[in-house]
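In this note's numbering, the protein residues as written are 77 to 249. The structure appears below as structure tokens.
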Amino acid sequence: MRLVPITDADRSWASLKSQWRKAAEAAEEDFSTYTQGIFAALDPVMQGGKGGLYGLYDGTVPQAFCQVSKLLMPKFEGPVLRCRFMTVSPTYDFGSAGLDKYGQLLIELFSGMIWLSRNALSASHIQFHLRSPADAQFLAPLQAPVPDSPFQRFTINGAWVECDLKLPELETM
């Protein structure tokens, strides 16, 4: 899976909604009431080009999306990459994919945030807001210290995962 920007301009936002409409209808759900809140809130922001949405795609199929922002916060030295408003596809939301696949989806999305922090949206701090404190079970194993861990610090407080990434070591000549 890969984490990519979603925009109104490239029609990826419209494509996501179309695919999720079909998935909701396949689960015998009324798409207009199922997504009433989230899409109604995001449509104007997306049309303004300031959504900051990233989608987790399996091939061309969007599995989840979240709002990603890079910001400065008093508590941190340097920029923070923050993931909020995680929304999963109807396949996961209605349980068709199963709990194990849902856990894997959260891990993939978190891994995508690490990738973004090391590449397009450089930051050494990540805040990742889960959908519920119950979702913490899927990322909890990352709290165990291991020698090659990319984390300098990794904590989970309620529905918030917070970590500081180790800075890459400079190569010596």
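For glycine and all other residues, C-beta sits at the position ideal for the given N, C-alpha and C. Predicted model, so just to flag it, every value in this text is computed and none were measured.
Margin query: Using 7 Å as the threshold, is the C-beta distance between Leu185 and Ala140 below it?
Written below: For this step, residue 185 is matched to residue 109 along the sequence shown. For this step, residue 140 is matched to residue 64 along the sequence shown. Yes, these two residues count as a Cβ contact at 7 Å.
Checklist line | Anticipated Cβ contact below 8 Å, Met77 with Asp134, distance rounded | finding: In the sequence shown, counting from the first residue as 1, residue 77 sits at position 1. In the sequence shown, counting from the first residue as 1, residue 134 sits at position 58. Indeed, because the Cβ distance is near 5 Å, the residues count as touching under 8 Å.
Margin query: Give me the DSSP bridge partner(s) of Thr231.
Written below: Taking the sequence shown and counting its residues from 1, one reaches residue 231 at position 155. DSSP output for Thr231 lists Glu238 as bridge partner(s).
Check: Between Leu84 and Pro166, what straight-line distance do the alpha-carbon atoms span, to the nearest angstrom?
Finding: Locating residue 84 in the sequence shown gives position 8, where the first residue counts as 1. Locating residue 166 in the sequence shown gives position 90, where the first residue counts as 1. The question names Leu, but residue 84 is Asp in the sequence shown. The straight-line gap from Cα to Cα measures roughly 21 Å.
Item checked: Per-residue burial, Leu241 [other beta carbons within 10 Å of its own, 16 or more giving buried] -> Taking the first residue of the sequence shown as position 1, residue 241 is located at position 165. Result: buried.
Check: If we ignore side chains and look at the alpha-carbon of each, how far apart do Leu218 and Arg158 end up?
Finding: Residue 218 sits at position 142 when you count from the first residue of the sequence shown. Residue 158 sits at position 82 when you count from the first residue of the sequence shown. Near 18 Å, if we compare the C-alpha coordinates of Arg158 and Leu218.
Margin query: Based on DSSP bridge pairs, tell me the residues matched to Phe204.
Written below: Looking up residue 204 in the sequence shown gives position 128. For Phe204, which the question treats as bridged, DSSP gives the partners Cys159, Val237.
Notebook entry, point to check: Does the beta-carbon distance from Glu238 to Gln203 come in below 7 Å?
Noted result: Taking the sequence shown and counting its residues from 1, one reaches residue 238 at position 162. Taking the sequence shown and counting its residues from 1, one reaches residue 203 at position 127. Cβ atoms of Glu238 and Gln203: closer than 7 Å.
Next item on the list: Go ahead and pull the three-state DSSP assignment for Gly124.
Entry: Numbered from 1 along the sequence shown, position 48 holds the residue referred to as residue 124. The answer is coil: DSSP assigns Gly124 none of H, G, I, E or B.
Item checked: Status (buried if at least 16 other CB within 10 Å, exposed otherwise) for Arg87 -> Here residue 87 refers to the residue found at position 11 of the sequence shown. With fewer than 16 other Cβ atoms within 10 Å, it is exposed.
Item checked: Three-state class that DSSP yields for Ile183 in the structure shown -> One-based indexing of the sequence shown puts residue 183 at position 107. Helix.
Notebook entry, point to check: Taking Pro155 as the reference, which of Phe161, Gly131, Leu147 has the closest Cα?
Noted result: For the purposes of this step, residue 155 is taken as the residue at position 79 of the sequence shown. Looking at the Cα atoms, Leu147 is the closest of the given residues.
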